[in-house]
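These protein sequence lines are chains R and G, in that order. To get our numbering, take the position in the first sequence, counting from 1, and add 6. To get our numbering, take the position in the second sequence, counting from 1, and add 115. Glycine is no exception: its CB is placed at the ideal position from the N, C-alpha and C atoms. Some notes on the structure that comes next.
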Amino acid sequence: MERMTAPVRGMHCAACVGKVERALASVPGVESASVNLATEQAAVVFDPARTDLARLRAAVAAAGYELAEARPDRVPGEAVDGERAAREAAQRREKLKFVVGAVLSAPVLLGGMSHVLPWVPGVLQNPWVQLVLATPVQVWVGWQFHRGFVHDLRYRTASMSTLVSIGTSAAYLWSVAVTLWPHAFMRHGAMTYYDVSAVVITLVVLGRWLEARARGRTSEAIRRLMSLAPRAARVIRDGVEMDVPTAEVRVGDFVRIRPGERVPVDGVVTEGASTVDESMLTGESLPAEKAPESSVFAGTVNRTGSFVFRAARVGSETTLARIIKLVAEAQGSRAPIQRLADRVAAVFVPIVLVIAALTFMAWWLFGPEPAGLLALANAVAVLVIACPCAMGLATPTAIMVATGRGAEFGVLIKSAATLERLHRVDTVVFDKTGTLTVGRPVVTDVVPVGPAVGVRAAGGAAAEASGEMTAADEILALAAAAEQASEHPLGEAVVARAKERGLALPPMREFSTVAGQGIDAMTTDGRVLLGNRTLMDARGIDVDVLAPGVQRLAAEGKTVIYVAFAGQVLGVIAVADVPKPEAKSVVAALKRLGVSVAMLTGDHRLTAEAIARQAGLDRVLAEVLPEDKARAIKVLQAEGRRVAMVGDGINDAPALAQADVGIAMGSGTDVAIDAADVTLMRGDLNGVVTAIELSRATIRVIRENLVWAFGYNTILIPVAAGVLYPVWGVLLSPILAGSAMAFSSVSVVTNSLRLKRWRPQHGS
Amino acid sequence: MAVDPVCKMSVEPAKAAAQSTYRGETYYFCAVGCKAKFDREPEKYLGSGKPR
């Protein structure tokens, strides 16, 4: 079996996705095919012995789409530029079509409205002028709808394209007939509907363009991920150091990493020691200690030390490359949703066709002379009136206003489909570190062994000014003094807390860092030791007296720092990542919305559960490897859940892409933001609630819009069919059709604008 | 002042780099290395040097 990913061109709706997938799956030898509308990619697993690319392309072409040049399914990215250019070109095309449509439709519309606007020049009422103006709109601007109609016909489905194509074609062809043979038609009061055909197409194209503008940028995540690995590496081969491109680093090469450099490939340290910031891969804010035998990973950033490592995994084998691949796969496998408007159209179209047919037959059988002409005229009228031009605006206008309103609350929504997915989300999964939590350690407890000793911070005015310190403050002050120069996040947490408490720090000299253990510093009165159990043991400091307290703190998932002074342990400082202040209320608000909440983390179960308890979470998925985060989301989706994932790290990117809706914290990495559908600009979790509430409000408005859009026209269908004719002699006239268009459009736009006043229910 | 039993340097107990308790007596060291040596074979170093 071979796996291949290739761009598909020409798709514009969820129904297209199904068609391309069915077309691919129908080729003998294809095991599975999944198509992604957002990235316009098809992922195909096939048996190369039984089929080949040419056959796949032929199958896709037969369905009316284009399977573009495939690229081997390894690290994707080179094709990203080309794809983006193609997408931008598509957006420009929609825009051009709208502009042309608008320029040509305006005079046609004016001509059609001459009965209400007496100042309209007579030339615009000339059907030949209208024909010339409306033809490019009907044929060129509306081409995508006619093509869509043909596709739908082949698969016996119906979408918005079907409705637009049928309605406008009926209006246009009828009008052409009236223009060509005016005597045959006009005598019986037949009129042209050029304005309906031109305006409907233009407005629907406007909607398409508005949505196209909001799409794109999904492949940026991959581009950014790729830029994480440095372009060149300094390798040592046969004792000679040289710079080679990262792609040419081989397994077994020795690679030298200097302070501040990025690691180019995965490997194992052979000499030297350093700390490495791996937060981009693990989400863990504490830098990882590296000594000989430690593993290092491509894309991570070396801090202060320098080391040499032996390359173990290069190219597409590195952890980073696997994450890139996971993101690409997740983006390619997301199930498309059928857009609301298309679902409505799918039901509406057959009904309208049946009514049109019945109308034709009724007039043919029971109508006055000329029965044939009147039957045709009224059947056409049914088709014309059934195509609501406001339908094209129902979704885009609501989404435009909603995304604008969302932005005012710091919630950036990437695409229209996102809002439609978001309102159905029933499970929200939070990444732990940096998303649900503040993402850096904070001092949570200070546990002294005994009462303050007082003399300890002696020496200098600062100590006198501080007066009597509690035992806890004394420990903090000593620890903070020793950590002052530290850049270690644990040290920063201690210093930050001492500052908060306004503690005077005793003077210190002779700081030294003991790698992997802690800090050793000297005051005038004695030596201060600050660090883990290993440090205390190495210095012969007896810490047994603290054992019960330490056990309790560890059970709460906290990191314990021992503080010893002059050979005696004074106490411990407990440090932990804590939930963001709003975490608990956000979780509660989500539950009130009927959404279940889970947490996903690579951290130990103990730590994870401690955080979960504090935030009030139902479900904890702990000890999940970065590569497995996307799989964990898949498992939830397999349970039938619609999952929104909230994350901030590069390691979250595959899960963000896999989830039905990915939500990135604006404070997070660019990769996460690119992989996600929603970005919370303020790094504030309340945005998750806001986004879900906004999506629900938006979908409500879209539904109302569809009712408005279809409503006026639906009411007029019986009129067009001639139900009122026997009694009052009323038939559909361009005035009625025009009014329906105007009223429904105004209603839809006005209704959408109500979202401008929307605000979150959940107090933020 | 205490004397490091390994290297015989005099060490101020409060500022000692490390310490070790052996048979109820606390010994102070100038460096972690001295303590490690002492902990391996305390008797070797206690022959002549008297703890304070």
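- One Cα belongs to V695 (chain R), the other to L509 (chain R), and the distance between them is close to 39 Å.
- Under the DSSP assignment, F151 (chain R) falls in the alpha helix (DSSP H) whose first and last residues are W149 to R160.
- The beta-bridge partner set that DSSP reports for P13 (chain R) consists of R:Q47.
- When 7 Å is used as the limit between beta carbons, K150 (chain G) is near these residues of chain R: G546, in chain order.
- Take the alpha-carbon of A682 (chain R) and the one of L159 (chain R): they are about 35 Å apart.
- For K130 (chain G), the C-beta contacts it makes with chain R under 8 Å involve M528, G532, R533 and A572, in order along the chain.
- Against chain R, the CB of S125 (chain G) has no partner CB under 8 Å away; the residue lies outside that interface.
- Segment contact: the region 664–675 of chain R against the region 391–411 of chain R, fewer than three CB-CB distances shorter than 8 Å; contact not assigned.
- Taking C-alpha positions only, V135 (chain R) is separated from P113 (chain R) by approximately 9 Å.
- Of all alpha-carbon atoms in G:K152, G:K159 and G:Y160, the one lying nearest the alpha-carbon of G546 (chain R) is that of G:K152.
- For V147 (chain G), the C-beta contacts it makes with chain R under 8 Å involve A544 and R545, in order along the chain.
- If you draw a straight line from the Cα of Y731 (chain R) to the Cα of N384 (chain R), it comes to about 11 Å.
- Between F260 (chain R) and V314 (chain R), the gap from beta carbon to beta carbon is short of 8 Å.
- Secondary structure in the region 520–551 of chain R: the beta strand (DSSP E) runs of 3 residues or longer, each lying completely within the stretch, are 524–528 and 533–537 in chain order.
- Within a 10 Å sphere around the beta-carbon of F52 (chain R) sit 16 or more other beta-carbons, which makes this residue buried.
- Contact between D437 (chain R) and V652 (chain R) holds: CB atoms are separated by about 6 Å, below the 8 Å threshold.
- The region 448–459 of chain R makes no contact with the region 372–379 of chain R: fewer than 3 CB pairs, one atom from each, lie closer than 8 Å.
- I656 (chain R) sits buried, since 16 or more C-beta atoms from the chains shown fall within 10 Å of its C-beta.
- Setting aside the 5 residues that flank it on each side, W369 (chain R) is surrounded in the same chain by A377, L380, A381, N384 and G728, each with a C-beta closer than 7 Å to its C-beta; the list follows chain order.
- With a threshold of 8 Å between beta carbons, A117 (chain G) makes no contact with chain R.
- Annotation: the continuous alpha helix (DSSP H) that includes S181 (chain R) extends over M166 to L186.
- Per the DSSP secondary-structure output, K296 (chain R) pairs in a beta bridge with R:S280.
- Of the other Cβ atoms in all chains shown, 16 or more fall within 10 Å of the Cβ of A74 (chain R); this residue is therefore buried.
- In the DSSP annotation of this structure, the continuous segment of the alpha helix (DSSP H) that includes F354 (chain R) starts and ends at L346 to F372.
- A363 (chain R) sits exposed, since fewer than 16 C-beta atoms from the chains shown fall within 10 Å of its C-beta.
- Straight through space, the alpha carbons of I579 (chain R) and A561 (chain R) are spaced by roughly 15 Å.
- Here the alpha carbons of A572 (chain R) and V118 (chain G) stand approximately 16 Å from one another.
- For T208 (chain R), the closest alpha carbon among the candidates R:S751, R:T530 and R:A190 is that of R:S751.
- Judged by DSSP secondary structure, D479 (chain R) falls outside any beta strand (DSSP E) and instead within the alpha helix (DSSP H) spanning A477 to E489.
- If you check the CB distance, A347 (chain R) and L712 (chain R) come in under 8 Å.
- For V581 (chain R), the uninterrupted beta strand (DSSP E) run begins and ends at Q574 to P585, by DSSP.
- Between the region 135–150 of chain R and the region 312–330 of chain R, the count of C-beta pairs closer than 8 Å stays below three; the two stretches do not touch.
- In the DSSP assignment, D451 (chain R) falls within the beta strand (DSSP E) that extends over T443 to P454.
- For G522 (chain R), the CB contacts under 6 Å within the same chain, skipping 5 residues up- and downstream, are E295 in chain order.
- DSSP places D676 (chain R) in the helix class (H, G or I) of the three-state scheme.
- Between I419 (chain R) and T433 (chain R) the beta-carbon gap is near 19 Å, outside 8 Å, which marks them as no contact.
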